[in-house]
Amino acid sequence: MMRVLVVDDEPLARGGVRARLAAHADVQLVGEAADGVAAIKSIESLRPDLVFMDVQMPGLDGLAALRHLPPAERPLSILLTAYDHFAVGAFEIQALDYLLKPIDDERFRESLDRARAAFRHRVAGEAAPAVYAKRFTVRTGQRIAVVDADEIDWIEACDDYAGLHVGPRVHLLREPLHQLAGRLDPAQFVRVHRSAIVKLDRIAELEPLVNRDCLVRLRDGTPLRVSRTYIDQLNAALAVR
């Protein structure tokens, strides 16, 4: 059971996270806090495994609260914010993810899946490395093809399948995109839309669009739209490469 603390100065925001967590039987809400100072005290006393931490709060903000704790004592963290300029800070404190308000339900589930994977590794031992999929087996007629993760250009959602784009070919993997996302190395792959994941080294250029969306163009010329929900995650991933 993963023990969770929710920190946000807005009661409605805490309630939103609380309601989403209630749908998952393998997590336990152990407490809430409304500011950075209270968050530190709650983390020190409750020892949660995961904290949903609001970034901007009166007084001590969320990033400062996490920096106040020794790295070995920090819980896994998912940052929450209505603003778009804290993404790199999230990676500096090794946050698992960064959710932009208003929170998208699918992004929330994806972040929680990432927390589950990290929690399992932490329980198994602090030194246990994260294990990501390096190859996939896909059925083509009566044959089974092996696709290396390094060969994939991008991945799209196809109902209950994921379409693995390798050059001009598309291999259908019987696995929904949100589940597959948790098995991919975040240093190599980043989600850019609820229906698309891109391999970072395939990105050639970004073109800003209206409403903070943008367009990425891959090295082979493929254009893919990046939604506002994922733009900060993409920018942060590109910044640390």
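Taken in order, the sequence shown gives residues 1 to 241; the numbers are from full-length UniProt numbering. C-beta: ideal position from N, C-alpha, C; glycine also.
Legend entry - beta strand (DSSP E) segment containing L215, residue limits: 214 to 218
Inset, instruction - Count the C-beta pairs between the region 185 to 202 and the region 168 to 175 that are closer than 8 angstroms, then say yes if the count reaches three, no if not. - result: no
Inset, instruction - Could you tell me whether the Cβ atoms of D26 and M1 are closer together than 8 angstroms? - result: yes
Legend entry - F136 versus W154: straight-line alpha-carbon distance, rounded: 14 angstroms
Inset, instruction - With hydrogens ignored, establish whether the beta-carbon of R202 is closer than 7 angstroms to any heavy atom of the ligand MN. - result: Among the components of this structure there are no ligands whatsoever, and the ligand MN is therefore not found.
Inset, instruction - Using alpha carbons as the reference points, say which of R74, F108, R109 lies closest to A95. - result: R74
Legend entry - Sequence-distant residues of its chain with Cβ nearer than 6 angstroms to V216 (five each side left out): I203, L206, L224, V226
Inset, instruction - Report yes or no: do the region 11 to 18 and the region 58 to 76 share at least 3 C-beta pairs separated by less than 8 angstroms? - result: no
Inset, instruction - Note down, one range per segment and in chain order, each beta strand (DSSP E) of at least 3 residues found wholly within the UniProt domain "Response regulatory" (3 to 116). - result: 27 to 33, 50 to 54, 76 to 81, 97 to 100
Inset, instruction - Just confirm the distance between the C-beta atoms of A23 and L5, as a whole number of angstroms; I'd bet it's less than 8 angstroms. - result: Incorrect: roughly 18 angstroms between the Cβ atoms, too far for contact.
Inset, instruction - Work out the CA separation of D35 and L69 for me, nearest whole Å. - result: 15 angstroms
Legend entry - As assigned by DSSP and simplified to three states, the class of A237: helix
Legend entry - Cα-Cα separation between G113 and L21, rounded to whole angstroms: Note that residue 113 is Asp in the sequence shown here, rather than Gly. When rounded, the distance between both Cα atoms is 12 angstroms.
Inset, instruction - Kindly indicate which residue of I93, T222, P186, L99 has the alpha-carbon position closest to the one of L79. - result: L99
Legend entry - Cα-Cα separation between N211 and V30, rounded to whole angstroms: 37 angstroms
Inset, instruction - Could you check which residue in V138, A39, D8 has the C-alpha nearest to that of E175? - result: V138
Inset, instruction - Note the first and the last residue of the continuous alpha helix (DSSP H) segment covering A181. - result: 177 to 181
Inset, instruction - Specify the secondary structure class of T229 as computed by DSSP and reduced to three states. - result: helix
Legend entry - Residue span of the beta strand (DSSP E) that contains I144, given as start and end: 143 to 148
Inset, instruction - Taking 8 angstroms as the cut-off, decide whether the C-beta atoms of A185 and Y132 are in contact. - result: For the record, residue 185 in the displayed sequence is Asp; it is not Ala. The answer is yes: Cβ separation under 8 angstroms.
Inset, instruction - Could you round the C-beta distance between A82 and A65 to whole angstroms and report it? I think they count as a contact, below 8 angstroms. - result: Actually they do not touch by this definition, with Cβ atoms about 18 angstroms apart.
Legend entry - Counted within 10 angstroms of its Cβ, other Cβ atoms place I144 as buried (16 or more) or exposed: exposed
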